[in-house]
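Participant: Residues in the sequence shown are numbered from 62 upward in steps of one, following this note's numbering.
For every residue, glycine included, the Cβ atom is placed at its ideal position computed from N, Cα and C.
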Amino acid sequence: MSTTHRIESKVADTPVNAYLIEGERQVVAIDGTLTVSGGRAVRERVEAIGKPLAALLVTHAHPDHYGGAVEAIAGSEAPIVATEGVDAAIRRDDQAKEELLRPMFGDEWPAERAFPTRLVEPGEELAFDDIELAVRDLGPGESPHDSIWWLGEDRSTVFSGDQAYNHMHCFLADGHWESWLANLERLAADLPPGVRLLPGHGDQAGAKLLDWQRAYIERFVGAVRGADWSDPGRAKQAVVEAMASYLQADDLRFLMELSVDPVAGKLGLSEPTRS
Ligand SMILES: [Zn+2]
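As structure tokens, this is what we get:
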């Protein structure tokens, strides 16, 4: 029977989770956080557990999940494991993320990022002694390419990445919210009753969190659509205010703010912007 550990990194007010699965003889990490400190915290927890790191699995193609991996695996032989789609999107977008994140996070954004070194097929099952995992490849959604990892034979625990944030503001700037909503609908139908979601941001939750996420996405897109884009500055402010009163939490608010212009661009309401 394995134990899961959550490592929450909060560098620069950016809460993001990595997880460790502690088996009898080895440890498997899920995601690497965004930062140097976050990745080091993962590695230090592995050292405190006192068992070797067998692998680091990446849920999806966003920098707050793979950026710190280079630090998390330092000094180990652990491969970084992802689906082909997640790997390709990370490699494609890493330079753009460098340009976005270096000014925001300085040296906390690792100077060099580590990319996946072992690719898995959609649906592939992996075993590290008694730790059994299976990947579900989801394609575009919250990020340009998402996946989730099921733990154990009964699949009652899911490392759900950013399919659902636990009551924090969300990043929609990649513009794939329609497939994200479709993924959420399919997952809600497929998850076993009593499933435990271990999300990329916030506390663990049950399947109901997927409903919360759907409502948040719909509210955000509705707010963008409903704003008066004849004045883009005021339109953006109106969306941010609407979402701030919808979810009265400051966590990850900057991700939501970064998403307003790209979503408006995608909807044809304003000049297209790069995310
Ligand atoms: Zn995230």
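What residues come near ligand 1, if near means a beta carbon less than 6 Å from any of its heavy atoms?
Facilitator: Chain-ordered list of matching residues: Val77, His123, Asp125, His126, Asp223, Gly261 and His262.
Participant: Using only CA atoms, which one of Leu330, Gly267 and Ala250 lies nearest to alanine 284?
Facilitator: Of Leu330, Gly267 and Ala250, the residue nearest in Cα terms is Leu330.
Participant: Assign proline 260 to buried or exposed, taking buried as 16 or more other Cβ atoms, counted over all protein chains shown, within 10 Å of its Cβ.
Facilitator: When all chains shown are included, proline 260 counts as buried.
Participant: Can threonine 94 and valine 119 be called in contact, C-beta distance under 8 Å?
Facilitator: Result no, Cβ atoms of threonine 94 and valine 119 do not sit closer than 8 Å.
Participant: Which runs of the alpha helix (DSSP H) spanning at least 4 residues fall entirely within the segment 64-151, listed in chain order?
Facilitator: Listed in chain order, the complete alpha helix (DSSP H) runs (minimum 4 residues) inside the segment 64-151 are 97-110, 124-127 and 130-133.
Participant: Can the beta-carbon of histidine 121 be found less than 8 Å from the beta-carbon of aspartate 223?
Facilitator: Yes, the pair counts as a contact, with Cβ atoms nearer than the cut-off.
Participant: Can you check whether the CB of glutamine 87 is closer than 8 Å to the CB of isoleucine 192?
Facilitator: Their beta carbons are under 8 Å apart, which means isoleucine 192 touches glutamine 87 by this criterion.
Participant: Expressed to the nearest angstrom, what Euclidean distance is found between the alpha-carbon atoms of arginine 153 and leucine 161?
Facilitator: Their Cα atoms are separated by approximately 14 Å.
Participant: In chain order, what residues of the same chain have a beta carbon less than 7 Å from the beta carbon of glutamate 69, not counting five sequence neighbours either side?
Facilitator: If we look at glutamate 69 and ignore the five residues flanking it on each side, its Cβ neighbours are Pro76 and Asn78.
Participant: Using a 10 Å radius around the Cβ and a threshold of 16 neighbouring Cβ atoms, would you call serine 306 buried or exposed?
Facilitator: Serine 306 is exposed by the Cβ-count criterion.
Participant: So within the segment 283-317, which uninterrupted alpha helix (DSSP H) runs reach at least 4 residues, ignoring any that extend past its ends?
Facilitator: Listed in chain order, the complete alpha helix (DSSP H) runs (minimum 4 residues) inside the segment 283-317 are 293-307.
Participant: Classify glycine 326 as helix, strand or coil using the three-state DSSP reduction.
Facilitator: Helix.
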